[in-house]
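Report on the structure given below.
Numbering (this note's numbering), first residue to last: 27 to 271.
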């Protein structure tokens, strides 16, 4: 299977971050872009947070993801600033809804993609043990780290097989798409979940004995910088709330 999709081996290119730092950045982006307010200084700080996924993708040479992020987020931002005022009626409501969803969800989704594709399962488990999180949280999340990338690879393989048989999206073959793409994907998803759960138990993730881990975790200069940015976001939000009160 693809090394990048499964993140089974450590990628030494780009900005190396501790898994705990990646999770802190992901949570910060989700809190302040997905559910935060855009008042005062936060409207400028959110731009900084939104630029982090682009920086990390570029540093790890994930150019396809970086370009797609620029097109979706940048296009939505330009549309919000210059295009929505020219629309009226139903078109305006639809455009506002789509742009709002894309602007708030895209940074979190892209950052989550970066975390999954650049963090090995061993690194993640070691990081969770350093945080002293219970196994009831660690095991499901470690399985998730393998589940979604594997499902994506299975979807690609099913697509290749169907294209060889002339089954494509469109062309009046809705029934064929449902039968030859959706149904196999559902069956594969169930099978993948069962196999990954069994693999997690086989590796001793649910055992009472503490597992050994050879992953070298630790905070470096780049981790400190990103953690300070995260703390700055919380400080800026507190300042905005104090000014409002």
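Positions of the beta carbon are idealized from the N, C-alpha and C atoms, including for glycine.
In this text, all values refer to a predicted model and were calculated from it rather than measured experimentally.
Item: Out of 218, 153 and 90, state which residue places its alpha-carbon closest to the alpha-carbon of residue 176.; Value: 218
Item: Within 8 Å, do at least three Cβ pairs link the stretch 43-58 to the stretch 151-159?; Value: yes
Item: Would a C-beta distance cut-off of 8 Å place residue 135 and residue 106 closer than the cut-off?; Value: no
Item: Taking C-beta to C-beta, are residue 121 and residue 129 nearer than 8 Å?; Value: no
Item: Tell me, please, whether the stretch 206-215 touches the stretch 178-187 by the rule of three or more beta-carbon pairs shorter than 8 Å.; Value: yes
Item: Buried or exposed: which applies to residue 166, given that a residue is buried once 16 or more other Cβ atoms fall within 10 Å of its Cβ?; Value: exposed
Item: I need the straight-line Cα distance from residue 60 to residue 220, nearest angstrom please.; Value: 32 Å
Item: Check this for me: beta carbons of residue 169 and residue 49, under 8 Å apart or not?; Value: no
Item: How long is the line joining the alpha carbons of residue 204 and residue 112, rounded to whole angstroms?; Value: 39 Å
Item: Which same chain residues, not among the five before or five after residue 92, have their C-beta less than 8 Å away from its C-beta?; Value: 80, 83 and 84
Item: Over the uninterrupted alpha helix (DSSP H) stretch that includes residue 101, give me the two end residues.; Value: 101-104
Item: Looking at the secondary structure, which residues open and close the alpha helix (DSSP H) in which residue 48 lies?; Value: 45-55
Item: Mapping the DSSP letters down to three states, classify residue 185 as helix, strand or coil.; Value: helix
Item: Smallest Cα separation from residue 266: which of 52, 67, 56 and 57?; Value: 67
Item: Taking Cβ positions, are residue 3 and residue 132 nearer each other than 8 Å?; Value: Past the edges of the chain, shown from 27 to 271, lies residue 3, and the structure says nothing about it.
Item: Short check: CB of residue 76 to CB of residue 108, under 8 Å?; Value: no
Item: Assuming contact is defined by CB atoms lying nearer than 8 Å, are residue 243 and residue 149 in contact in what I supplied?; Value: yes
Item: Going by DSSP in three states, residue 114 sits in which element: helix, strand or coil?; Value: coil
Item: In terms of residue numbering, what span does the alpha helix (DSSP H) encompassing residue 20 cover?; Value: Because the chain here runs from 27 to 271, residue 20 falls outside it and cannot be looked at.
Item: What are the boundary residues of the alpha helix (DSSP H) that residue 79 is part of?; Value: 68-85
Item: Can you look up residue 145 in the DSSP assignment and give me helix, strand or coil?; Value: coil
Item: Classify residue 207 as helix, strand or coil using the three-state DSSP reduction.; Value: helix
Item: If I measure Cβ to Cβ from residue 188 and keep anything under 7 Å in the same chain, skipping five residues before and after, which residues do I get?; Value: 206 and 207
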